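To keep things clear, I will list the structure first and then write my remarks on it.
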Amino acid sequence: MPELPEVEVVRRGLEKQLLGAKIKEVEVFFPGSLRGQDIKRFCAALEGWTITAAVRRGKFLWLLGEDREGQQTLYSLVIHLGMSGQLLINQPQIELSHKNQGHLRVRLTMEDDRTVNFVDQRTFGRMVVEPLVETRDKKPGGLGAGSHLVPRNVELNVARDALDPNVDLEKISSTVRKRKSSIKHSLLDQKLVSGIGNIYADETLFASGINPGQRADSLSEAQIQELFKTAGAIMKTAIKHGGTSFDELYVDTSGNPGYFEQELKVYGRGGESCKTCGTTLEKLQQSGRTATYCPQCQPLQD
DNA sequence: ACCAACCCCTGGCGGC
DNA sequence: TGCCGCCAGGGGTTGG
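Going by the working numbering, the first sequence opens with residue 25, and the numbers climb by one from there.
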């Protein structure tokens, strides 16, 4: 399931393969992926568009482009992969596998006849044409473009992520410090710091020796800042491994999985033994998600 | 402002 | 062997 590292690997694939490419045709096979947008308008906004940048903030990805006259458009194509979204770039005449074909939701065909296939089994992903606005702090909106323009829905709902050089960890830790809910809840809060999902939240808490049920207001600001830095470090390493392909639904733009699953210490290992101390890892329900942790290495502190 | 609950969806799995 | 029900997950919305 794509979190920041997986989305970043996809972004790099798009950047490498699609910059300067022009969209010839847009086909929508599953309107639900457009989340209520008018299909004709969606297609018209993108046909004839030349892709100029692939940008990411947290788990949100967007493409910038120029119209037929070479003018930068004031809208972007925002993509969220959800649980199972894939962006598969195929060379001309290469068809999708039978299985992927059945989950093909949107296809962009480029002038050179390559296709960009949005394949999404569980349909939690989406593609939305969204107007661009200026960032509140006038700093670059995400990774992949110098521009301080950012899709409106991203600016409203998605905070800077843990790997963003402009993330304000001091401000964030002072906010978290006041919260009564669990620290894991704050790690997963995309309006606070974006990009962290259940896999990297559990891995971060294990690496920090903090129990997922620990109340946020029981930690110091220094501990909280350290926690977000640890999350960033783990995600950076995960990017180097090509991301985590836990349930084989995550692949890059060429269809290749990542190999960080082998490095996971706790996520998905409930009932197995801790790689550090051998204690049986436990699971608990937290903010509607399963938290897996080591009761020995991550004791509740008062 | 903050927070919990619920919904969206499909495939894989355990139980019978 | 097949069928049923449960679970996994992020984000948007709603209601408290």
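Where a beta carbon is used, it is the ideal one built from N, C-alpha and C, also for glycine. Keep in mind the model is a prediction, meaning the values are calculated, not measured.
Please name the residue or residues paired with residue i in a DSSP beta bridge.
| i | result |
| --- | --- |
| residue 151 | 103 |
| residue 89 | 75 |
| residue 203 | In DSSP, residue 203 forms no bridge with anything. |
| residue 175 | 156 |
| residue 133 | 49, 139 |
| residue 289 | Partner(s): none; residue 289 has no beta bridge. |
| residue 310 | 313 |
| residue 144 | 109 |
| residue 304 | 297 |
| residue 96 | 90 |
| residue 167 | 80 |
By the three-class DSSP mapping on this structure, what secondary structure does residue i have?
| i | result |
| --- | --- |
| residue 138 | coil |
| residue 27 | coil |
| residue 160 | coil |
| residue 213 | coil |
| residue 315 | strand |
| residue 234 | coil |
| residue 113 | strand |
| residue 229 | helix |
| residue 296 | coil |
| residue 187 | coil |
| residue 218 | strand |
Whole angstroms are fine: how far does the CA of residue j sit from the CA of residue i?
| i | j | result |
| --- | --- | --- |
| residue 315 | residue 209 | 11 Å |
| residue 221 | residue 172 | 25 Å |
| residue 46 | residue 198 | 45 Å |
| residue 137 | residue 92 | 18 Å |
| residue 133 | residue 289 | 41 Å |
| residue 52 | residue 151 | 10 Å |
| residue 299 | residue 232 | 15 Å |
| residue 159 | residue 306 | 42 Å |
| residue 75 | residue 320 | 50 Å |
| residue 297 | residue 67 | 51 Å |
| residue 317 | residue 226 | 7 Å |
| residue 31 | residue 135 | 25 Å |
| residue 43 | residue 295 | 46 Å |
| residue 29 | residue 59 | 25 Å |
| residue 38 | residue 26 | 15 Å |
| residue 35 | residue 244 | 35 Å |
| residue 254 | residue 262 | 12 Å |
| residue 193 | residue 162 | 18 Å |
| residue 186 | residue 313 | 21 Å |
| residue 257 | residue 149 | 26 Å |
| residue 73 | residue 301 | 55 Å |
| residue 214 | residue 115 | 35 Å |
| residue 260 | residue 55 | 35 Å |
| residue 124 | residue 79 | 25 Å |
| residue 252 | residue 77 | 28 Å |
| residue 157 | residue 174 | 5 Å |
| residue 189 | residue 166 | 10 Å |
| residue 82 | residue 230 | 21 Å |
So, for residue i: in the same chain, excluding its five sequence neighbours on each side, which residues have a beta-carbon less than 7 Å away from its beta-carbon?
| i | result |
| --- | --- |
| residue 285 | 268, 269, 270 |
| residue 238 | 206, 207, 324, 325 |
| residue 155 | 98, 99, 176 |
| residue 202 | 241 |
| residue 128 | 53, 120, 141, 143 |
| residue 304 | 295, 297 |
| residue 7 | Only positions 25 to 326 of the chain appear in this structure, which leaves residue 7 out of reach. |
| residue 41 | 113, 277 |
| residue 248 | 197, 200, 201 |
| residue 33 | 263, 266, 267, 276, 282 |
Identify, in the order they occur along the chain, each residue of the same chain with its Cβ nearer than 6 Å to the Cβ of residue i, setting aside the five sequence neighbours on each side.
| i | result |
| --- | --- |
| residue 50 | 67, 70, 71, 132 |
| residue 110 | 143, 275 |
Take residue i and list the residues in its own chain whose beta-carbon comes closer than 8 Å to its own, dropping the five residues that flank it on each side.
| i | result |
| --- | --- |
| residue 153 | 61, 65, 66, 69, 70, 99, 100, 101, 102 |
Complete alpha helix (DSSP H) runs within the stretch 32-78 (minimum length 4 residues, chain order): 63-70
Every unbroken alpha helix (DSSP H) inside the stretch 239-280 [4 residues or more]: Taken in chain order, the complete alpha helix (DSSP H) segments of 4 residues or longer contained in the stretch 239-280 are 245-264.
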